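Asker: Take the sequence shown: its letter number 214 is residue 214 in the UniProt record's numbering, and every next letter is one higher. Positions of the beta carbon are idealized from the N, C-alpha and C atoms, including for glycine. Small disclaimer: the values here were computed from a predicted structure and weren't measured. Can you read through this structure? Questions will come right after.
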Amino acid sequence: MDLFAEQDLQQPARVERISDQAFALRGFALPKAKELLAALDSVLLQAPLRQMQTPGGYTMSARLSSCGALGWTTDRDGYHYSPLDPLSARPWPAMPGVFLALAAAAASSAGFSGFVPDSCLINAYAPGAKMSLHQDKNERCHTAPIVSISLGLPAIFQFGGFERSDPTQRIALFHGDIMVWGGVDRLRYHGVMPIKPGHHSLLGEQRINITLRQAG
Ligand code: MD6
Ligand code: FE
């Protein structure tokens with residue numbers, strides 16, 4: 001495989017350690033941002049962003065879609081990973097190769113080798129949208145890393161402990177940053193503060209977050 005032969009993925013990114021097995025890789029996605037966005041456009045034509053309900057009856061403020069073998073949805077019945085998009089009753093769009101290659105390179109830079117995600121969740125935030133503190137625990141393995149790519153408007157990411165009420169660190173995430181976390185930190189509570197109004201040259205008035213997981 002020659003996926004990482006290109007010079008641009010071999011440059012050292014600035015790695016910030018957030019916790020034992022949680023890292024912010026600053027600017028890691030920048031060399032691939034345009035490719036990522038082109039692939040994302042094609043995914044979202046097949047599986048459009050949509051608003052979802054939580055089991056508790058709230059409407060999520062971020063709009064969601066997925067690609068890969070398994071997609072994540074939430075509705076009044078609970079949280080699910082499933083092979084079919086409930087909107088179209090068809091399989092989710094295939095995971096773009098550029099997502100797989102970038103995720104594997106980022107995971108490896110954070111000490112997780114052999115990362116092969118089978119699911120990619122896409123979150124789109126307009127100004128004001130947020131993500132309440134939550135744990136990601138619908139995946140089968142609770143130590144495999146998650147690779148999370150931030151694009152567009154900046155966000156303040158909250159990174160907490162293992163109880164919702166634990167104190168949180170606040171981490172500013174910018175276009176092109178990648179967070180990777182797994183292992184002992186994998187079940188930490190985390191969330192996104194309301195996105196501030198602004199304009200991004202490639203994405204306009206929105207933030208896109210792409211999280212790649214080993215769900216099944
Ligand atoms: C977001 N991200 O950044 C929401 N979850 O928009 C997440 O909820 C998330 O970034 C697990 C691992 C990484 C993440
Ligand atoms: Fe999450």
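If you run the structure through DSSP and keep just helix, strand and coil, what is Leu49?
Answerer: Note: Leu49 maps to coil in three-state DSSP.
Asker: Rounded to a whole number of angstroms, what is the C-alpha to C-alpha distance between Lys137 and Ala124?
Answerer: Approximately 21 Å between the Cα atoms of the pair.
Asker: Under 8 Å by Cβ, that's how I've got Leu156 and Ala172 pegged, so tell me the actual separation to the nearest angstrom.
Answerer: For clarity, residue 156 is Ile in the given sequence; the question names Leu instead. The Cβ separation is near 6 Å, so the contact holds.
Asker: Taking the alpha-carbon positions, what's the Gly56 to His199 distance?
Answerer: Cα-Cα distance, rounded: 33 Å.
Asker: Are there three or more Cβ pairs, one per stretch, closer than 8 Å when the segment 177-192 is compared with the segment 78-88?
Answerer: With a cut-off of 8 Å, the segment 78-88 and the segment 177-192 do not count as touching, because too few Cβ pairs lie within range.
Asker: Closer than 6 Å by C-beta to Leu121: which residues in its own chain qualify, once you throw out the five before and the five after it? Chain order, please.
Answerer: Here the set comprises Ser66, Trp72 and Thr211.
Asker: Per DSSP, what kind of secondary structure is Ser88 in: helix, strand or coil?
Answerer: Note: Ser88 maps to coil in three-state DSSP.
Asker: Applying the criterion that 16 or more other CB atoms from any shown protein chain within 10 Å of the CB defines a buried residue, is Tyr189 buried or exposed?
Answerer: Counting Cβ neighbours within 10 Å, Tyr189 comes out buried, since at least 16 surround it.
Asker: Among Ala106, Ala38 and Glu139, which residue has its Cα nearest to the Cα of Ser82?
Answerer: Measuring from the Cα of Ser82, the nearest candidate turns out to be Glu139.
Asker: Less than 8 Å between the CB of Thr211 and some heavy atom of ligand 2, yes or no?
Answerer: Indeed, a heavy atom of ligand 2 lies less than 8 Å from the Cβ.
Asker: Taking only runs that begin and end inside the UniProt domain "Fe2OG dioxygenase" (116-216), name each unbroken beta strand (DSSP E) of 3 or more residues, in chain order.
Answerer: Qualifying beta strand (DSSP E) stretches, in chain order: 119-125, 131-134, 146-152, 155-159, 169-173, 178-181, 190-192 and 207-213.
Asker: Look at Met179 and Ala39 and say whether their C-beta atoms are less than 9 Å apart.
Answerer: Cβ atoms of Met179 and Ala39: not closer than 9 Å.
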